[in-house]
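Those sequence lines, one after another, are chains A, B and C.
Position 2 (the first sequence) corresponds to 84 in the working numbering; numbering is contiguous.
Position 127 (the second sequence) corresponds to 258 in the working numbering; numbering is contiguous.
Position 92 (the third sequence) corresponds to 93 in the working numbering; numbering is contiguous.
We put the beta carbon where it would ideally sit given N, CA and C, even for glycine.
These numbers come from a predicted model, not from an experiment.
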Amino acid sequence: MKLTEVLEITGATCVVGEQLADIEVHHAFASDLMSDVLAMSRPDTLLITGLTTPQIIRTAQMLDLPAILVVRGKDVPQYVADLARTTGIVVLTTHDIMYVASGKLYARGLSG
Amino acid sequence: MSLERSVEALRYLELFSNLDASGIMSTTVHALHPEDRVAAARILMREKSISGVPIVDADFRLVGLISVSKIIEALADGRLADSVDSVMVRDVISLHAHDTFETILSCFQRFKFGRFPVVEEDGKLVGMITDTDVLSAIIRSFYSVYVHDQRRTMTLGSFSALSKEFENSADFVYDISCIGLENAGEGSARLKVFLQTKGFGESVVRRASVCAYEAEMNVCIHAGGQGSLRAIARNGEIIVRVEDEGPGIENIDLAMKEGWSTATDAIREMGFGAGMGLANIRRFSDHLVIISGKDKPTKLEMIFLAGKE
Amino acid sequence: MTVHDVIDSVGADVAVDGDTTRLVTSGYTCDLLSEVIAKAAPGSAWATIQTHVNVIAVAAMVGISVVIVCEGRTCESDVVERAAKEHLTILYSKDSAYVVSGKLYVLGLR
Ligand SMILES: Nc1ncnc2c1ncn2[C@@H]1O[C@H](COP(=O)(O)OP(=O)(O)OP(=O)(O)O)[C@@H](O)[C@H]1O
Ligand SMILES: [Mg+2]
């Protein structure tokens, strides 16, 4: 699924990486615990999380994840956005809660 | 054996739960066909110093086994020129390629033979397991996860399982110094870039970075944020060493257990403290040494083999 | 839908058999306990990978109808006992929280 579709399905906006919106992800993973995310080793995965700490960027960076969808409309602090920019990770944010964002994407065919 | 001891033994069996027959067996197998002469089996045993020869049909399916004692019997009866078929054991106790470590052990205990052929579903012979094979598999897996805390010190003294290389120099050095969690993970991020420029493949770099990150986060969360992250990366091998200044881990076995954590609620709200970090490190590294103890520094050394993908 | 319907539809194992006739009116997926306290609605099906004993306290406080522990994780016996005392149903699913959420959402739980 293209990130542009993720934007459209979840009504998200792009915080970092507009130019990369045609990147594709093949899976999604929803978690707020970074070690849980790190236990998974599939690079082409969209990380869905409720956190906005620099560690979400680091975690994505370690795993070569292309993009993060921040849920619950949380503001991404400037320094976290900057870190995402320098590491080349796309950050999207939606007002949906994790359950709803996951449900919508799953329903539209993005597998786990 | 007291009940307590056997419970402990069972717990250790778990350590080997990743080993199955196919991982333990030797795959260089010397076999004969039923129509071969008994004398050929005798020569094979002597030359290869093996104590039993599996007998297979034209499709390599196991049909029998000839052991030293059968050869001795045949010698006594003057039947060395007869075909193997006439002296071999036909109902051979064999193992399946996917049999667990526990099954293998109980097979050795029940049947008291020194060796067992390993077959696949279709009955084809794929390997042999001797007691030496089992022993060396145990030793290998002990090396892949080695923990050293106070209890070990009592028996092993100051024996060190850490690489000597770091005593002189390292290819990559990062001083961990983190107050709060803001810049936690920076060292691992730099290590990742360093490994990429060294030309290591994507997947070994990912494994090494993930483990370095887990270890670095542990220093920041559990050990006051002061420590070092170093790496040696040569000859298709990445060695990562993460050290801190304490307070140390009192019981490493417990700390390695998935889900076990001493993290505070505040840490959990920041996305850590699931108790999965060390379990991840163990899963993604090829060799792991952890040395720690109560009020001691923690030293963690992980090795990643580029060829092991 | 009821807790019973959730059990049937997500294909999870029942770890603690609480009140399965309870209504489930929404879904909530989250591993941060403070957020669940603040934001989850009573009657939710809560998907998480947390297995901490505090999960039960939070679920009871919020009025969660069923907790779905994901990714094949299991709770320690003290957690199970505590849940049983609260008549809270706990399910173990092999799926990730994403997939569990997806399955419930597709079934119409919004
Ligand atoms: N460097 C260290 N110094 C002191 N204690 C440590 C250190 N590393 C780990 N520990 C102890 O081991 C426990 C388990 O560590 P592990 O990394 O597996 O989980 P965690 O850090 O608690 O949670 P997670 O890694 O999932 O965020 C920790 O809770 C802590 O008690
Ligand atoms: Mg950790």
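Residue i - containing beta strand (DSSP E), residue span
i       : result
C71(C)  : First-last for C71(C): undefined, no H or E at that position.
E79(C)  : As written in the sequence, residue 79(C) is Asp, which differs from the Glu given in the question. From DSSP, D79(C) is part of no beta strand (DSSP E) but of the alpha helix (DSSP H) over S78 to K86.
I363(B) : Q357 to R365
Where residue i falls, given that 16 or more other Cβ within 10 Å makes a residue buried
i       : result
M285(B) : For M285(B), the pLDDT reaches just 44, beneath the cut-off of 50, and the residue's location in the model is therefore unreliable, although a value from the coordinates is still provided. M285(B) is exposed by the Cβ-count criterion.
V70(C)  : buried
V182(A) : buried
Y93(C)  : buried
P136(A) : buried
H53(C)  : buried
D9(C)   : exposed
Q51(C)  : buried
L419(B) : buried
F111(A) : buried
L287(B) : For L287(B), the predicted structure reports a pLDDT of 42, less than 50, and the residue's modelled location is therefore unreliable. The matter cannot be settled from this model.
I224(B) : exposed
M62(C)  : exposed
F290(B) : Any reading at F290(B) needs caution, since the residue's pLDDT is 44, under 50, leaving its predicted position unreliable; the model's value is listed next. By the 10 Å Cβ count, F290(B) comes out exposed.
heavy atom of ligand 1 below 7 Å from residue i C-beta
i       : result
E106(A) : no
D375(B) : yes
T75(C)  : no
T234(B) : no
N345(B) : Looking at the sequence shown, residue 345(B) is not Asn but Glu. Yes - ligand 1 has a heavy atom lying nearer than 7 Å to the Cβ of E345(B).
T92(A)  : no
H353(B) : yes
P136(A) : no
Residue i versus the options, residue with shortest Cα-Cα distance
i       : options                               : result
P248(B) : R192(B), S180(B), D417(B) and G316(B) : R192(B)
A354(B) : P428(B), V257(B) and M407(B)          : P428(B)
L431(B) : R338(B), D375(B), T395(B) and R246(B) : D375(B)
R413(B) : E345(B), G379(B), G195(B) and S334(B) : E345(B)
W391(B) : A343(B), I202(B), S423(B) and A405(B) : A405(B)
G132(A) : M116(A), M144(A) and A166(A)          : M116(A)
M2(C)   : A13(C), V15(C), G12(C) and T21(C)     : T21(C)
N299(B) : E317(B), A320(B) and R361(B)          : R361(B)
S217(B) : L226(B), I155(B), P165(B) and T393(B) : P165(B)
A84(C)  : V107(C), I57(C) and A42(C)            : I57(C)
Residue range of the unbroken alpha helix (DSSP H) whose run includes residue i
i       : result
L385(B) : I383 to M387
S153(B) : A152 to I155
E90(A)  : L85 to T92
G195(B) : Where G195(B) is concerned, there is no enclosing alpha helix (DSSP H), although the beta strand (DSSP E) it sits in stretches over L193 to S198.
D118(A) : M116 to L120
H109(A) : H109(A) -> not in any alpha helix (DSSP H); beta strand (DSSP E) instead, spanning H109 to A112.
Residue i beta carbon near ligand 2 (any heavy atom closer than 7 Å)
i       : result
V423(B) : At residue 423(B) the sequence reads Ser, which differs from the Val that was named. No, ligand 2 has no heavy atom inside 7 Å of this Cβ.
M144(A) : no
N55(C)  : no
G402(B) : no
S113(A) : no
G390(B) : no
S117(A) : yes
M348(B) : yes
G438(B) : no
(request) Below 8 Å between beta carbons is the criterion; list the residues of the stretch 34–61 of chain C that meet it against any residue of chain A, in chain order. (result) E36, K40, A48, I50 and Q51
(request) Return the residues of the stretch 92–125 of chain A that lie within a Cβ-Cβ distance of less than 7 Å from chain C, sorted by chain order. (result) A110, F111, A112, S113, D114, L115 and D118
(request) With 9 Å as the limit, tell me which residues of the stretch 176–190 of chain A have their beta carbon closer than that to any beta carbon of chain C; keep them in chain order. (result) I179, M180, Y181, V182, A183, S184, G185, K186, L187, Y188 and A189
(message) Along the stretch 85–106 of chain C, where does the CB come closer than 9 Å to a CB of chain A? Name the residues.
(response) D96, S97, A98, Y99, V100, V101, S102, G103, K104, L105 and Y106
(message) Please identify, using Cβ separations under 9 Å, the residues of the stretch 380–400 of chain B that lie next to chain C, in order along the chain.
(response) E389, G390, S392, D396, R399 and E400
(message) What are the residues in the stretch 123–153 of chain A lying within 7 Å of chain B by C-beta distance?
(response) S123, L133, T135, P136, Q137, R140, Q143, M144, L145 and D146
(message) By the 7 Å beta-carbon criterion, what residues does the stretch 8–35 of chain C contribute toward chain A?
(response) G28, Y29, T30, C31, D32 and L33
(request) Note down, in chain order, all residues in the stretch 190–209 of chain B with a beta-carbon under 7 Å from any beta-carbon belonging to chain A. (result) none
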